[in-house]
Amino acid sequence: MKSEPEPLPPTEPKEASASAGPPLAETPKRRTKRPMPPLPPKPEGPDASVLVPTRQGIIRMRGKTDKGRRWHQETDLETAVTLVRELAAIVVNRHTIRRIYSNKNFRRYILTRDNYTCHFCGEYGDTIDHLLPRAKGGHTTPANCVCACSLCNQSKADRSLDEFTNSFED
Ligand SMILES: [Zn+2]
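Note that the working numbering gives residue 90 to position 78 of the sequence shown, counting from 1, and the numbers run on in steps of one.
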């Protein structure tokens, strides 16, 4: 039998050349209940309590798109009252509200108000988080939205603020 020369074993022990590798994905440093950011000044106009549904049982809502085009749709009294109380809309008349922000304006408003700082961990953030998730009836209003980093926004997902912060308390 022809014996093949065995390949020489490497003379030097294989260096554990595992470099440090890319840094691990950052995890939020802290999650605490931070004070809510200040709300915008209360706009002029009647209080939400003057709102009454039309005979069709609806409140009219109108606003403008990012491009300045007018839109209108119907909403219910409860939503309308919340939008006005949480400073996302003003009362036009007792059957009508007007949304104050277009989508883009709202986003810009929240991020600027919060200095692009995540409400939950204090790092840089550029996403909008609903404190009470929309899935649970929360609305897109200055009172219900904060700036969040994408990490906190994702890990918060559809949990309410209390569920989220409590999940990090000992
Ligand atoms: Zn964060």
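Where a beta carbon is used, it is the ideal one built from N, C-alpha and C, also for glycine.
- In this structure, the C-beta of Cys133 approaches ligand 1 to less than 7 Å from one of its heavy atoms.
- Relative to ligand 1, Cys159 has its C-beta separated by 7 Å or more from all heavy atoms.
- A residue is called buried once 16 or more other Cβ atoms fall within 10 Å of its Cβ, and Tyr136, having fewer, is exposed.
- In this chain, the beta strand (DSSP E) harbouring Gln85 covers 82-87.
- Counting C-beta pairs closer than 8 Å gives three or more between the segment 85-102 and the segment 144-160, which meets the contact rule.
- Taken from the Cβ of Leu123, every heavy atom of ligand 1 lies 7 Å or farther away.
- For the pair Leu89 and Ile71, the CB atoms are nearer than the 8 Å cut-off.
- Checking the 7 Å criterion, the Cβ of Leu51 is out of range of every heavy atom belonging to ligand 1.
- Under the three-state reduction of DSSP, Val93 is assigned to helix.
- In the displayed model, Tyr136 falls within a strand according to three-state DSSP.
- Rounded to whole angstroms, the Cβ separation of Cys157 and Ile122 is 5 Å, and the two are in contact under 8 Å.
- The three-state reading of DSSP puts Ala60 in helix, counting H, G and I together.
- Arg46 and Arg97 have their C-alpha atoms spaced approximately 22 Å apart.
- Separation of Thr87 and Arg146 (C-alpha to C-alpha, rounded to the nearest whole angstrom) is 15 Å.
- The beta carbon of Val62 is closer than 8 Å to those of Val103, Arg106 in its chain, skipping five residues each way along the sequence.
- Thr77 and Asn117 have their C-alpha atoms roughly 10 Å apart.
- In the DSSP annotation of this structure, Asn105 is not part of any alpha helix (DSSP H); the continuous beta strand (DSSP E) holding it starts and ends at 101-105.
- If you compare the alpha carbons of Pro55, Phe132, Arg81, Arg74 with that of Cys164, the shortest gap goes to Phe132.
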